[in-house]
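Student:
Numbering (this note's numbering), first residue to last: 56 to 874.
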């Protein structure tokens, strides 16, 4: 805990003796532990003197030693539910044999009293929160049980004519052959009588706390047997040591006994602390999971309070939050026997402000609360007896203060309480900003436009990402991360090595591929990133038997220095997408089949009409109508063929008939065919190319349709009186050893252009972009065909920005291969 130091110093002139006395008095006032130690020491010395004065015989030193041993063994007893386990039975029997009944009772009573008085010193070495401390009533009950057990054991021992107290002659008599068995039997009954009486009385005490006999025996009997029965031979040994050798030897025996008790207590302490740490880790894991379950700020604050209230008792709980600009925003407050509430007009008290200013833990109780008053820190109302504040810090920025209060009478917060609360505060410090960000995003979503909507969609996509199966392997091929979806699919548990058979059957791997992947990971190599769609065995649903498709995406997990530390596999159910794609393909085939024959017939009819009209010299207008009809029909047939070729290209079934060809003649024919439309819209079409332009290796029919689509697209969006500029220039080969130089074709217009957010989707099938509010014509398949056709010929196509704001489409075609 942070101790505030008093700032006021009295500078009035005093003598050195007076100053020393004032300093000592001030230390005693401000250090209750030192004050308790001095008081207890004075009382103990007085009791020792009283013992010696009361006995006035040679037993005074040994009685004093027994009193010391009682104090040590009681205060260092191992706590059990509603009880304690220690060497009190051994001390009771040993003292009875050494000093007799009356002195043994006196030693036990004094030891019990002094043990109770020594508790303040003992508490200072008991780690806070370690085990359950007994109440005063429980301690008095156990003390009475020990005293009654001594009385009963003495009575039974006397009835069996046992010797009390032992002396040197009695020891020699014990070794007599005729009486050895009888004397040992008396001592055994002495130990048994004490143990059974003490056990019975402790069980009767547990009945007051509604603990069953089976629970009492299961929890306490092993320890009581170990300390109460197995220690009795050492009780006899200690008594014989004192009678035979004297007090110095018994002092050594007592030191050994005290050392054993302290070591046993320390061992129990370490084991209990380790158990509590494991429990703490488990609790923190539960806290982390519960805080991740929601991004609602009130729910996060409520979850934080619920988890803390389950572990640490407090009369009032508060989480005060700060804005990034340092203003107090709101506070979550909960009190015993009252419902929790969110305060929007919260004003912090001085304690909370101190924690926020210094960003340190402040722990105040009855021992140091006066320091706060000396520093003019006013407590909250009503004033607590114990106050603990912990700063909430995320990324080195203060976001709030967590405080707990206890009203009088109350115990201070323990070190274990503080450690646990600090750990939970760290979890909350990460969850609260996320919840605040989520709340702010939701609030802005209702007030802003499409840009914010995309951010919310991204956030929602992130939240929904857990619907995918996630599987991670380490370099040895062991599964180190496996979420439930992936576990159900793979039918393996986390921690197991990935089964190649399971990977082949359930993840769609080829046997050679999964073996190569595992070998590369084991060798420290980085396998290539992959993505594949696999078909799993069909499953039955309301529509019958439906195949299931899973998309498997995989990538390496790298360390900061680039080393491969694992392999991540993400599995996503794409069954619906595959079904839609299949339906779209089937629909496209149907449309192509139903349209191509009528369009072909229409074109053939128009050609026949044109030929007939040419023989009869028809009017010019009629010729123009027929030519326009032929042009429109050809364009429709190109669209049908493009739709059919798109499916073939996607399926890899279209054969590219590539040959060496020159682009300028083909470009000229296309421009000549489109000039009537350009003249009608008063659009200037200009194409530039060099005379020494290299030939390309391409399919002339595919290139014709690519250029026709791009020029038609430019005419469609270029305004009246606009300009279309084409340029053909040489393009260096990507690999001069396999191909000659190719050609780059650039087509620029001064239309409205393509918005930045749509450029990534411009080449998708059936995508139509409305630029500047203009009505969109077309089917949305032209650019999709262009992309697939260019890439099928080992070229590339993309769209660029222009200084004038129009569109600029660029594609490349490879040069002639070097055979």
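Positions of the beta carbon are idealized from the N, C-alpha and C atoms, including for glycine.
Taking only three categories from DSSP, how would you classify residue 430?
Tutor: Numbered from its first residue, the chain shown carries residue 430 at position 375. Residue 430: coil per DSSP, three-state reduction.
Student: For residue 793, which option in 354, 869 and 571 has the closest C-alpha, if you only look at C-alpha atoms?
Tutor: On the chain shown, residue 793 is found 738 positions in, with the first residue counted as 1. When only C-alpha atoms are compared, the closest one is 869.
Student: DSSP three-state label for residue 785, please.
Tutor: Position 730 of the chain shown, counting from 1, holds the residue named residue 785. Residue state, collapsed to three classes: strand.
Student: Under 7 Å Cβ to Cβ from residue 851, same chain only, skipping five residues before and after it: list those, please.
Tutor: Within the chain shown, the letter at position 796 stands for residue 851. Excluding sequence neighbours, residue 851 sits near 845, 866 and 867.
Student: Sort 812, 137, 155 and 129 by Cα distance to residue 169 and report the nearest one.
Tutor: To locate residue 169, count along the chain shown from 1; it is residue 114. Residue 129 is the option with its Cα nearest to residue 169.
Student: Indicate whether at least one CB of chain D lies closer than 8 Å to the CB of residue 321.
Tutor: The structure shown contains no chain D; it is built from a single protein chain.
Student: Figure out for me which residue from 119, 545, 327 and 205 has the closest Cα to the Cα of residue 306.
Tutor: As a first step, residue 306 is located in the chain shown; it is residue number 251 there, counting from the start. Per the Cα distances, 119.
Student: Could you spell out where the beta strand (DSSP E) holding residue 753 opens and where it closes?
Tutor: Sequence index remark: in the chain shown, residue 753 carries index 698 (1-based). In this chain, the beta strand (DSSP E) harbouring residue 753 covers 751-753.
Student: Distance check for residue 440 and residue 615, CA to CA, integer angstroms please.
Tutor: Residue mapping note: residue 615 aligns to position 560 of the chain shown, counting from 1. Residue mapping note: residue 440 aligns to position 385 of the chain shown, counting from 1. Approximately 50 Å between the Cα atoms of the pair.
Student: Where do the N-terminal and C-terminal ends of the beta strand (DSSP E) with residue 844 fall, by residue?
Tutor: Here the question's residue 844 lines up with position 789 in the chain shown. Where residue 844 is concerned, there is no enclosing beta strand (DSSP E), although the alpha helix (DSSP H) it sits in stretches over 837-847.
Student: Beta-carbon separation of residue 804 and residue 837 under 8 Å?
Tutor: Looking up residue 804 in the chain shown gives position 749. Looking up residue 837 in the chain shown gives position 782. Going by C-beta atoms, residue 804 is not nearer than 8 Å to residue 837.
Student: Taking the DSSP output, what are the residues bridged to residue 377?
Tutor: The residue labelled residue 377 in the question sits at position 322 within the chain shown. Bridge partners of residue 377: 383.
Student: Going by C-alpha distance, which of 526, 689 and 412 is nearest residue 537?
Tutor: Start at 1 with the first residue of the chain shown, and residue 537 comes out as number 482. Looking at the Cα atoms, 526 is the closest of the given residues.
Student: Taking all protein chains shown into account, decide if residue 144 is buried (16 or more other Cβ within 10 angstroms of its Cβ) or exposed.
Tutor: Mapped onto the chain shown, residue 144 falls at position 89. Looking at its Cβ environment, which holds 16 or more other Cβ atoms inside 10 Å, residue 144 is buried.
Student: Determine the extent of the beta strand (DSSP E) in which residue 743 is found, giving its start and end residues.
Tutor: Stepping through the chain shown from its first residue, residue 743 is reached at position 688. Run containing residue 743: 739-744, per the beta strand (DSSP E) assignment.
Student: For the alpha helix (DSSP H) holding residue 138, just list the boundary residues, first then last.
Tutor: In the chain shown, counting from the first residue as 1, residue 138 sits at position 83. No alpha helix (DSSP H) contains residue 138, which is instead part of the beta strand (DSSP E) from 138-140.
Student: Within its chain, find whatever has a CB closer than 6 Å to the CB of residue 395; leave out the 5 residues flanking it on each side and keep chain order.
Tutor: Within the chain shown, the letter at position 340 stands for residue 395. Here the set comprises 389.
Student: By Cβ distance below 6 Å, which residues in the same chain neighbour residue 665 in space, the five residues on each side in sequence not counted?
Tutor: Taking the chain shown and counting its residues from 1, the one referred to as residue 665 is at position 610. Correct list, in chain order: 681.
Student: CA-CA distance, residue 318 and residue 216?
Tutor: Residue numbering aside, residue 318 sits at position 263 when the chain shown is read from its first letter. Residue numbering aside, residue 216 sits at position 161 when the chain shown is read from its first letter. Their Cα atoms are separated by approximately 37 Å.
Student: Taking the beta carbon of residue 842 as the centre, do at least 16 other beta carbons fall within 10 Å, making it buried, or is it exposed?
Tutor: To locate residue 842, count along the chain shown from 1; it is residue 787. The residue is buried, with at least 16 neighbouring Cβ atoms inside 10 Å.
Student: Between which residues of its own chain and residue 410 is the CB-CB distance below 8 Å, once the five residues before and five after are set aside?
Tutor: Stepping through the chain shown from its first residue, residue 410 is reached at position 355. Within the same chain, residue 410 has close Cβ partners 416, 417, 444, 445, 446, 456 and 458.
Student: Taking the alpha-carbon of residue 250 as reference, which of 241, 284, 311 and 240 has the nearest alpha-carbon?
Tutor: Counting from 1 along the chain shown, the entry for residue 250 is found at position 195. Of the listed residues, the one whose Cα sits closest to residue 250 is 284.
Student: Of all the options 334, 160, 479 and 430, which has the alpha carbon lying nearest to the alpha carbon of residue 361?
Tutor: By one-based count along the chain shown, residue 361 stands at place 306. The shortest C-alpha separation from residue 361 is found at 479.
Student: Between the alpha carbons of residue 863 and residue 533, how many angstroms are there, rounded?
Tutor: By one-based count along the chain shown, residue 863 stands at place 808. By one-based count along the chain shown, residue 533 stands at place 478. About 51 Å.
Student: Below 7 Å, is the gap between the Cβ of residue 213 and the nearest heavy atom of the ligand NAD?
Tutor: The model on display carries no ligand, and the ligand NAD is accordingly not part of it.
Student: Terminal residues of the continuous beta strand (DSSP E) containing residue 799?
Tutor: For the purposes of this step, residue 799 is identified with residue 744 of the chain shown, where counting begins at 1. 797-804 is the span of the beta strand (DSSP E), which, as asked, contains residue 799.
Student: In this structure, how does DSSP classify residue 616 when only helix, strand and coil are distinguished?
Tutor: Working through the chain shown from its first residue, we reach residue 616 at position 561. Coil.
Student: Can you grab the Cα-Cα spacing for the pair residue 212 / residue 245, in whole Å?
Tutor: As a working note, residue 212 is residue 157 in the chain shown. As a working note, residue 245 is residue 190 in the chain shown. C-alpha separation (whole angstroms): 6 Å.
Student: Looking only at its chain, what residues have a beta carbon closer than 6 Å to the beta carbon of residue 729, apart from the 5 residues adjacent to it on each side?
Tutor: The residue given as residue 729 occupies position 674 in the chain shown. Cβ neighbours of residue 729 beyond the five flanking positions: 766.
Student: Are the CB atoms of residue 535 and residue 621 nearer to each other than 8 Å?
Tutor: For the purposes of this step, residue 535 is taken as residue 480 along the chain shown, with counting starting at 1. For the purposes of this step, residue 621 is taken as residue 566 along the chain shown, with counting starting at 1. Cβ atoms of residue 535 and residue 621: closer than 8 Å.
Student: Assuming residue 714 is part of the beta strand (DSSP E), what are its boundary residues?
Tutor: For the purposes of this step, residue 714 is taken as the residue at position 659 of the chain shown. Looking at the DSSP string, the run of the beta strand (DSSP E) that includes residue 714 is 714-716.
Student: Please report the Cβ distance between residue 606 and residue 586, rounded to the nearest whole angstrom; I am assuming they are in contact, meaning their Cβ atoms lie under 8 Å.
Tutor: Your numbering for residue 606 matches position 551 in the chain shown. Your numbering for residue 586 matches position 531 in the chain shown. Right, their Cβ atoms sit about 7 Å apart.
Student: Return yes when the Cβ of residue 376 is within less than 8 Å of the Cβ of residue 386, no when it is not.
Tutor: The count along the chain shown starts at 1 and reaches residue 386 at position 331. The count along the chain shown starts at 1 and reaches residue 376 at position 321. Yes, the Cβ-Cβ distance between residue 386 and residue 376 is below 8 Å.
Student: What's the gap between the Cα of residue 779 and the Cα of residue 854?
Tutor: To locate residue 779, count along the chain shown from 1; it is residue 724. To locate residue 854, count along the chain shown from 1; it is residue 799. Taking the straight line from one Cα to the other gives about 15 Å.
Student: What distance in whole Å lies between the Cβ atoms of residue 754 and residue 796, which are believed to be in contact at a cut-off of 8 Å?
Tutor: Numbered from 1 along the chain shown, position 741 holds the residue referred to as residue 796. Numbered from 1 along the chain shown, position 699 holds the residue referred to as residue 754. 19 Å between Cβ atoms; not a contact.
Student: Rounded to the nearest angstrom, what separates residue 485 and residue 449 at their Cα positions?
Tutor: If you number the chain shown from 1, residue 485 lands on position 430. If you number the chain shown from 1, residue 449 lands on position 394. Approximately 6 Å, taken between the alpha carbons.
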